[in-house]
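Quick notes on the structure that follows.
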Amino acid sequence: MNNSIEPVEEVSTQVESQPVEQPLSSTVEPPKRGRPKINVDWPEGRFTFNMLTDKNVLSSSSLRKKMRLELKRGGLVKVDTLRTAFGRPQNIYSKNS
Numbered sequence: 006m007n008n009s010i011e012p013v014e015e016v017s018t019q020v021e022s023q024p025v026e027q028p029l030s031s032t033v034e035p036p037k038r039g040r041p042k043i044n045v046d047w048p049e050g051r052f053t054f055n056m057l058t059d060k061n062v063l064s065s066s067s068l069r070k071k072m073r074l075e076l077k078r079g080g081l082v083k084v085d086t087l088r089t090a091f092g093r094p095q096n097i098y099s100k101n102s
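Just add 5 to wherever you are in the sequence shown, counting from 1, and you've got the numbering used here.
Below is the structure:
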């Protein structure tokens with residue numbers, strides 16, 4: 006039983022790296038996901054929600070959401086309430102400029 010250690014030869018492990026080719030166009034944008042954003046066409050002067058739905062292609066729920074957001078931001082102001090002989094009263098809004 007011989008416990009002697011034998012010398013080990015050193016092996017060169019150098020690796021040559023080759024440059025990675027870059028694409029010609031470096032301004033490639035990833036495709037946008039989801040539904041495209043549609044801006045609301047706000048009427049000039051005073052308007053009701055029904056006037057807003059007639060002027061835009063968005064659904065009424067999307068318009069209500071955007072209207073609430075603009076009211077919170079201060080872009081729209083509730084000016085008056087239109088009361089009729091029957092039916093629910095309608096709020097009248099105006100663009101805050």
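The beta-carbon is built from N, C-alpha and C at its ideal position, and this holds for glycine as well.
The structure presented is a predicted model; accordingly, all values stated were derived computationally and were not measured.
Identity of the residues DSSP links to residue i by a beta bridge
{"i": "Asp85", "result": "Ile97"}
{"i": "Arg103", "result": "An answer regarding residue 103 cannot be provided, because it is not within the stretch 6 to 102 covered by the chain."}
Where the alpha helix (DSSP H) through residue i begins and ends
{"i": "Phe54", "result": "54 to 60"}
{"i": "Leu9", "result": "It should be noted that the sequence gives Ser, not Leu, for residue 9. Ser9 -> no alpha helix (DSSP H), and no H or E assigned at all."}
{"i": "Lys77", "result": "65 to 78"}
8 Å Cβ shell around residue i - same chain, five flanking residues per side excluded
{"i": "Leu63", "result": "Ile43, Val45, Lys71"}
{"i": "Asn96", "result": "Thr53, Phe54, Lys83, Asp85, Thr86, Leu87"}
{"i": "Leu68", "result": "Val45, Phe54, Leu57, Thr58, Asn61"}
Residues of its chain near residue i, where Cβ-Cβ distance is below 6 Å and the 5 sequence neighbours each way are ignored
{"i": "Ser9", "result": "none"}
Buried/exposed call for residue i, threshold 16 Cβ in 10 Å
{"i": "Leu74", "result": "exposed"}
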